[in-house]
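Structure, rendered in structure tokens:
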């Protein structure tokens with residue numbers, strides 16, 4: 001019989017239909033290669049009691065408990081598949097636990113745990129011992145916390161080297177993230193995603209995030225990386241800050257490439273504490289090895305401040321392309337205005353891209369003055385890309401007096417230069433809109 005791939009979402013099934021599914025599952029268990037089930041807690045427990053035969057062909061197993069409010073911890077029993085699944089390399093558990101002595105763990109290459117049940121948590125040493133028994137583990141994902149009890153102190157000298165691990169994806173409170181990095185050595189890492197979250201106003205977010213950032217930076221680039229970090233994305237709003245970096249050039253504008261980033265670090269809070277309590281962008285950019293970046297995207301409602309620009313722009317001497325969202329433009333211009341003339345600043349910058357800006361007359365003149373600053377600083381800008389903006393031929397003509405190549409946007413509105421449609425951004429330049437000047441005629 002050919003290997004089987006079974007996927008079932010049984011939440012809406014009646015008991016008879018589910019038992020029929022279990023019977024078929026038991027009949028064909030020796031031939032099943034991939035098994036993915038999403039079930040209610042009651043059905044999950046029933047399935048566990050029935051699947052006690054070995055699974056010699058099973059390579060991938062995904063089990064999801066669909067009741068996120070389940071009080072009792074659901075844990076894979078020791079006799080699941082009689083503890084025999086020699087080909088199992090991929091295990092994914094959602095709201096379901098596993099004992100760390102389980103033989104199902106030993107040959108894994110990919111382990112993903114989502115919302116690991118509180119009552120299934122272990123202590124630090126058994127978890128590290130289990131990881132030490134997974135020499136082939138390449139990808140480890142921990143979402144919603146780490147599978148150990150609260151770590152009140154780090155245990156010096158207690159570490160595990162994961163020689164094969166190339167990807168680590170962790171979403172947890174900062175203190176738990178620190179515990180992971182403090183006890184794992186990851187020499188082969190080529191992909192790191194860290195998401196720090198908090199839900200309480202009294203969390204000491206600043207202290208823990210500051211302590212976490214050096215761990216992230218230390219693992220952001222390593223001996224298995226053949227290229228330096230070259231592309232950088234920085235974004236943020238009142239509740240989240242995010243920094244993403246790639247080793248390849250010009251990858252910062254493609255959302256599809258986010259999952260392939262070398263390092264992603266984000267902080268999230270529902271109370272807006274990140275930007276207020278800790279200048280995360282400044283601290284992280286200082287720690288990351290990003291002197292070789294060639295392409296930068298700054299996005300979001302609370303992007304880089306002018307102080308961060310002033311601190312870091314002088315060391316980005318290879319930066320040749322910058323993408324700015326509307327809210328990122330003022331701080332960039334302020335950095336240019338304050339920069340000392342005669343000192344090198346962004347000496348390789350040749351392309352500036354603005355996204356989703358409505359360029360009325362005042363904004364066009366505002367941008368014109370910014371381009372003058374670039375010229376005075378000897379920044380060799382050759383291309384201004386406005387293709388994702390709304391502008392007019394007259395604005396393009398004005399800006400072409402400074403920049404060789406100006407690529408204009410669409411949806412022109414020659415009769416009303418200050419109209420800003422609701423889906424496009426702008427920036428406050430502190431002037432009265434009614435006193436706007438007209439752009440020069442062609």
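Residue numbers (full-length UniProt numbering): 1 to 442. Beta carbons: idealized from backbone N, C-alpha and C, even for Gly. Please read these numbers as outputs of a predicted model, since none were measured by experiment.
Per DSSP, which residues does residue 113 bridge with? Please list them.
In the chain shown, counting from the first residue as 1, residue 113 sits at position 113. Under DSSP, residue 113 shares a beta bridge with 93 and 142.
Buried or exposed by the 16-neighbour rule on C-beta atoms within 10 Å, applied to residue 298:
Your numbering for residue 298 matches position 298 in the chain shown. So residue 298 ends up on the buried side.
With 16 other Cβ atoms within 10 Å as the buried cut-off, status of residue 285:
Position 285 of the chain shown, counted from the first residue, corresponds to residue 285. Counting Cβ neighbours within 10 Å, residue 285 comes out buried, since at least 16 surround it.
By a C-beta neighbour count over all protein chains shown, 10 Å radius and 16 as the cutoff for buried, is residue 125 buried or exposed?
Indexing the chain shown from 1 puts residue 125 at position 125. Under the 10 Å beta carbon count, residue 125 is surrounded by fewer than 16 other beta carbons and is classified as exposed.
So, for residue 211: in the same chain, excluding its five sequence neighbours on each side, which residues have a beta-carbon less than 8 Å away from its beta-carbon?
Position 211 of the chain shown, counting from 1, holds the residue named residue 211. The residues are 174 and 178.
DSSP has residue 266 in a bridge; who is on the other side?
The residue labelled residue 266 in the question sits at position 266 within the chain shown. Bridge partners of residue 266: 195 and 242.
State buried or exposed for residue 227, treating a residue as buried only when at least 16 other CB atoms are found within 10 Å of its CB.
Position 227 of the chain shown holds residue 227. The residue in question, residue 227, is exposed, as its Cβ has fewer than 16 Cβ neighbours within 10 Å.
Along the beta strand (DSSP E) that carries residue 358, what are the first and last residues, could you check?
Along the chain shown, read from residue 1 onward, the residue named residue 358 stands at position 358. Residues 351-358.
Residue 517 versus residue 165 - alpha carbon distance
Limits of the chain in this structure are 1 at one end and 442 at the other, which puts residue 517 out of reach.
Ordered along the chain, which non-local residues of its own chain (more than five positions away) have a Cβ less than 6 Å from that of residue 7?
Taking the first residue of the chain shown as position 1, residue 7 is located at position 7. For residue 7, where only same-chain residues beyond five positions count, the Cβ hits under 6 Å are 36.
Residue 376, enclosing beta strand (DSSP E) - first and last residue:
Translated into positions along the chain shown, residue 376 becomes position 376. Secondary structure note for residue 376: it is in no beta strand (DSSP E), and the uninterrupted alpha helix (DSSP H) holding it is 361-376.
Using a Cβ-Cβ cut-off of 6 Å (strictly less than) and excluding sequence neighbours within five positions of residue 263, which residues of its own chain qualify?
The residue you call residue 263 lines up with position 263 of the chain shown. Excluding residues within five positions, the ones whose Cβ falls inside 6 Å are 192, 220 and 245.
Determine the direct distance from the alpha carbon of residue 230 to that of residue 393, and round the result to whole angstroms.
Stepping through the chain shown from its first residue, residue 393 is reached at position 393. Stepping through the chain shown from its first residue, residue 230 is reached at position 230. Using only the alpha carbons, I get a separation of about 34 Å.
Output the distance between the C-alpha atoms of residue 273 and residue 239, rounded to the nearest integer angstrom.
Within the chain shown, numbered from 1, the residue matching residue 273 stands at position 273. Within the chain shown, numbered from 1, the residue matching residue 239 stands at position 239. Confidence in residue 273 is poor, its pLDDT being 48 and thus under 50, which makes the residue's placement unreliable; the coordinate value appears in the next sentence. Residue 273 and residue 239: Cα-Cα distance of roughly 7 Å.
Does the beta-carbon distance from residue 146 to residue 172 come in below 9 Å?
Your numbering for residue 146 matches position 146 in the chain shown. Your numbering for residue 172 matches position 172 in the chain shown. For the pair residue 146 and residue 172, the CB atoms are nearer than the 9 Å cut-off.
Relative to the C-alpha of residue 96, which candidate in 149, 293 and 63 has its C-alpha closest?
Taking the first residue of the chain shown as 1, we reach residue 96 at position 96. Out of 149, 293 and 63, 63 has the C-alpha closest to the C-alpha of residue 96.
Apart from the five residues on each side of it in sequence, which residues of its chain come closer than 7 Å, Cβ to Cβ, to residue 253?
Working through the chain shown from its first residue, we reach residue 253 at position 253. Within its own chain, the residues whose Cβ lies closer than 7 Å to the Cβ of residue 253, once the five positions on either side in sequence are excluded, are 297 and 323, listed in chain order.
So what's residue 6 in DSSP terms, helix, strand or just coil?
Numbered from 1 along the chain shown, position 6 holds the residue referred to as residue 6. Three-state DSSP puts residue 6 in a strand.
If you draw a straight line from the alpha carbon of residue 278 to that of residue 56, how long is it in whole angstroms?
Counted from its first residue, the chain shown places residue 278 at position 278. Counted from its first residue, the chain shown places residue 56 at position 56. Bear in mind that a pLDDT of 48 at residue 278, under 50, signals an unreliable position, so the number given afterwards is only what the model happens to contain. The alpha-carbon separation between residue 278 and residue 56 amounts to approximately 52 Å.
Measure the CB-CB distance between residue 76 and residue 99 and report whether it falls below 9 Å.
Residue 76 sits at position 76 when you count from the first residue of the chain shown. Residue 99 sits at position 99 when you count from the first residue of the chain shown. Going by C-beta atoms, residue 76 is nearer than 9 Å to residue 99.
Who does residue 321 pair with in a DSSP beta bridge?
The residue given as residue 321 occupies position 321 in the chain shown. Per DSSP, the beta-bridge partners of residue 321 are 295 and 351.
Specify the secondary structure class of residue 224 as computed by DSSP and reduced to three states.
Residue numbering aside, residue 224 sits at position 224 when the chain shown is read from its first letter. In this structure, residue 224 counts as coil in the three-state DSSP scheme.
When the Cα atoms are used, what is the spatial distance from residue 5 to residue 118?
In the chain shown, residue 5 corresponds to position 5, counting from 1. In the chain shown, residue 118 corresponds to position 118, counting from 1. When rounded, the distance between both Cα atoms is 31 Å.
Please say whether residue 339 and residue 361 have beta carbons closer to each other than 9 Å?
As a working note, residue 361 is residue 361 in the chain shown. As a working note, residue 339 is residue 339 in the chain shown. Contact: no.
Just confirm the distance between the C-beta atoms of residue 373 and residue 336, as a whole number of angstroms; I'd bet it's less than 8 Å.
In the chain shown, the residue the question calls residue 373 occupies position 373. In the chain shown, the residue the question calls residue 336 occupies position 336. So it is a contact: roughly 4 Å between Cβ atoms.
In whole angstroms, what separates the C-alpha of residue 224 from that of residue 247?
To locate residue 224, count along the chain shown from 1; it is residue 224. To locate residue 247, count along the chain shown from 1; it is residue 247. Counting only the Cα atoms, residue 247 lies some 11 Å from residue 224.
What residue range does the alpha helix (DSSP H) around residue 183 cover?
Along the chain shown, one-based indexing puts residue 183 at 183. First-last of the alpha helix (DSSP H) with residue 183: 174-183.
With DSSP as the reference, please indicate the residues paired to residue 233 in a beta bridge.
Counting from 1 along the chain shown, the entry for residue 233 is found at position 233. DSSP lists 244 and 297 as the bridge partner or partners of residue 233.
Just the Cα atoms here: how many angstroms apart are residue 301 and residue 329?
Within the chain shown, residue 301 is the residue found at index 301, counting from 1. Within the chain shown, residue 329 is the residue found at index 329, counting from 1. In a straight line, the C-alpha of residue 301 is about 11 Å away from that of residue 329.
Using a Cβ-Cβ cutoff of less than 7 Å, which residues in the same chain neighbour residue 123 once the five nearest sequence positions on both sides are dropped?
The count along the chain shown starts at 1 and reaches residue 123 at position 123. Sequence-distant partners of residue 123 (beyond 5 residues in either direction) whose C-beta falls short of 7 Å from its own C-beta, in its chain, are 148 and 149.
Residue span of the alpha helix (DSSP H) that contains residue 43, given as start and end
Locating residue 43 in the chain shown gives position 43, where the first residue counts as 1. Looking at the DSSP string, the run of the alpha helix (DSSP H) that includes residue 43 is 41-50.
Using the DSSP secondary-structure output, state which residues sit across from residue 36 in a beta bridge.
As a position in the chain shown, residue 36 is number 36, starting the count at 1. The secondary-structure analysis by DSSP pairs residue 36 across a beta bridge with 7 and 62.
What whole-angstrom Cβ distance do residue 89 and residue 108 have, given they're in contact under 8 Å?
On the chain shown, position 89 is the one that residue 89 refers to. On the chain shown, position 108 is the one that residue 108 refers to. The pair is a contact, with the Cβ atoms about 6 Å apart (cut-off 8 Å).
If you run the structure through DSSP and keep just helix, strand and coil, what is residue 388?
One-based indexing of the chain shown puts residue 388 at position 388. It is a strand residue.
Look at the alpha carbon of residue 129 and the alpha carbon of residue 137, and state the distance between them as a whole number of angstroms.
Taking the chain shown and counting its residues from 1, the one referred to as residue 129 is at position 129. Taking the chain shown and counting its residues from 1, the one referred to as residue 137 is at position 137. So the two alpha carbons sit approximately 13 Å from each other.
What residue range does the beta strand (DSSP E) around residue 405 cover?
Within the chain shown, numbered from 1, the residue matching residue 405 stands at position 405. Residues 405-407.
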